[in-house]
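Last residue of the sequence shown: number 611 in my numbering, and the count goes up by one each step with no gaps.
First up is the structure itself, then whatever we jot down about it.
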Amino acid sequence: MAHAGNNIFAPGGVDMWLKVLLSLFRSVSWTGRSFKFPPDRKYLRWWQAPRHFELQNRRQLKTIYMKRTIKRVFAVTTLTILITISGLATILLFPQPLFANKMEHKQFTVYSNDKITADIVPLLDNAMALVEKSEINDPNYQYDILLSFNSLFNKIDDKLLGFGPSARATDNNVTIKVRVDTKRDLFFPTFHRKCQSSLTYLLAHEMIHCLQAHKYGITKFNPLKHPEMWKLEGYPEYVARQPKLTNKSYNLTSEIDRYIELESKSADLWVLIEEGACEAPNYYYKGRLMVEYLMDIKHWSYDKILNDTTSTNSVYEDMINWRNELKKKKN
Ligand SMILES: [Zn+2]
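If you want it as C-alpha cells, here you go:
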C-alpha cells in the first residue's frame, strides 16, 4: 500500500499537492522581479503588494499608502475649497455679468435687473458734486453702481456677508441692496426699521468708502481692518450730508445738543440722524459731529484725522468743551 502523501486522493496527499502548487505559483509569479522600497506606483493599494514582502515591509507599505491617500484627500479638499472661495469672491467682486441692464454716465456704470431710467442721472451728478469737494477725490476714478434689489447677486451676498446693510462699497462697486426710487431720490432700508432716505446721500456716502480704500489702500480700509468707526463712518457722513451742514439754518452746537439728547433717550445703539429719515448706529452721527468739529472748527484734514492718535473719548470731550465755552460766551 502506497504512502498516503503520495496519493493525491488520500487526505494527506491533497494537502501536499496544494503546497507544491502554491510554491510553484509563487516562484513563477515573482521570480526575477526585484522590488524597490518604496514600491512602484503600479501597486495602487497596499494589499496588492507582493506576497513575499516581509511583514514589517508590508506594514511600512501600508503606512506609505495611507499617507498618500490622506495627502490626496487633503489636496482634493483644499483645491475644492479654493475653487469655491475664488468663485464666490469673483462673484462678489465682479458681479456685473449677473445683471440684465447697464447704463453709462460719465465715470459711472449703473447695473440693474430693472429698467434703468434717466431719472438716476441727476442723482449721480449730485452725488459726484458732493464727493468732488472731498480731499480724497480722484477725478479719474470709475464707479460701478449695482442696484441689486431682488437679484441673484443679493441672495448670494446675503448668504455670504449677512443680511443687514442697505449698501456696500467693495473696491469700485457701490452696491445698493434695498429698493430704490430714482424718480423721488429715495432708498428704502428694511433691516432695523422700515424707513426712507435720500439715494443721492447714500451714493455719496458709499463713493467716499470706495475712495478711502483707493487712496489709503485696501490693507488699511477693509471689513477686518480699518480706522476707528467714527473715522471710518464719520467722514463719508460728513461729505454726504453737506447739503444739510451748509444750510444757513444749521449750526453745529445745537446739532451736538440734539445728539446728546437722542443718545441719552435711546435704549440701544440706534439713533435718528434726521427727522423723518432713518436711524443709524450712533457712531455715524457722533462720528460725523467729531469729524465736522475737527475739519470745520479746527481745520484739520482727513489725513490728519486718520494719523492722529488722540483717543475717541478725548476728541469727543474736546468737542463738548468747545460747545460749552461757546454757550458761555453767548449767555
Ligand atoms: Zn458707511
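Ideal Cβ placement from N, Cα and C applies to all residues, glycine included.
(request) Confirm the yes/no value for this check: CB of P503, any heavy atom of ligand 1, distance under 6 Å. (result) For ligand 1, not one heavy atom lies less than 6 Å from the Cβ of P503.
(message) Looking only at its chain, what residues have a beta carbon closer than 6 Å to the beta carbon of Y496, apart from the 5 residues adjacent to it on each side?
(response) none
(request) Assuming I396 and Q492 form a contact by the criterion Cβ under 8 Å, report the distance between their Cβ atoms to the nearest whole angstrom. (result) Between Q492 and I396 the Cβ distance is about 27 Å, and since that is not below 8 Å, they are no contact.
(request) Compute the beta-carbon to beta-carbon distance between Y423 and F388, rounded to the nearest angstrom, for a pair I have assumed lies under 8 Å. (result) 5 Å
(request) Classify D394 as helix, strand or coil using the three-state DSSP reduction. (result) Of the three classes helix, strand and coil, the one that applies to D394 here is coil, per DSSP.
(request) Give me the Cα-Cα distance between T311 and K299, rounded to the nearest whole angstrom. (result) Its pLDDT being 42, under 50, T311 is placed unreliably in this model, and the value from its coordinates should be taken loosely. Approximately 18 Å between the Cα atoms of the pair.
(message) Taking only three categories from DSSP, how would you classify L425?
(response) Strictly speaking, residue 425 in this sequence is Ile, with Leu absent from that position. Correct three-state label for I425: strand.
(message) Quick check on P503: does DSSP put it in helix, strand or coil?
(response) coil
(request) Indicate, with yes or no, if ligand 1 has a heavy atom lying under 6 Å from the CB of E513. (result) yes
(request) Could you tell me the boundaries of the alpha helix (DSSP H) in which D437 lies? (result) L432 to L441
(message) Judging by CA-CA distance, which residue of Y539, L482, S534 and L441 is the nearest neighbour of D461?
(response) L482
(message) The alpha helix (DSSP H) that contains E384, what's its start and end?
(response) It is not in any alpha helix (DSSP H) - E384 instead sits in the beta strand (DSSP E) that spans N381 to H385.
(message) Using a 10 Å radius around the Cβ and a threshold of 16 neighbouring Cβ atoms, would you call L569 buried or exposed?
(response) Buried.
(request) Leaving aside the five residues before and after L542 along the sequence, list all residues of the same chain whose C-beta is less than 7 Å from its C-beta, in chain order. (result) Around L542: V551 and L552.
(message) Rounding to the nearest angstrom, what Cα-Cα distance links M296 and L302 in this structure?
(response) Computed Cα separation, rounded: 10 Å.
(request) Express the C-alpha separation of L440 and F354 in angstroms, rounding to a whole number. (result) 24 Å
(message) Between which residues of its own chain and M383 is the CB-CB distance below 7 Å, once the five residues before and five after are set aside?
(response) V390 and I396
(message) Between the alpha carbons of L504 and I365, how many angstroms are there, rounded?
(response) 17 Å
(request) Could you check which residue in E535, D548, T450 and A557 has the C-alpha nearest to that of G567? (result) E535
(message) I want to know whether the segment 510-520 touches the segment 407-416 - three or more CB-CB distances under 8 Å.
(response) yes
(request) Express the C-alpha separation of L532 and D583 in angstroms, rounding to a whole number. (result) 22 Å
(message) Out of K607, P561, S478 and G444, which one is the CA nearest neighbour of D537?
(response) K607
(request) Could you have a look at S529 and say whether DSSP puts it in helix, strand or coil? (result) coil
(request) Starting from W550, follow the beta strand (DSSP E) in both directions and report where the run begins and ends. (result) W550 to L552
(message) According to DSSP, I456 sits in a beta bridge with which residue or residues?
(response) L427 and A447
(message) If you reduce the DSSP assignment to three classes, tell me which class E415 lands in.
(response) If DSSP states are grouped into helix, strand and coil, E415 belongs with coil.
(request) Indicate whether D465 and L410 have their beta-carbon atoms separated by less than 7 Å. (result) no
(request) Indicate, with yes or no, if ligand 1 has a heavy atom lying under 6 Å from the CB of P445. (result) no
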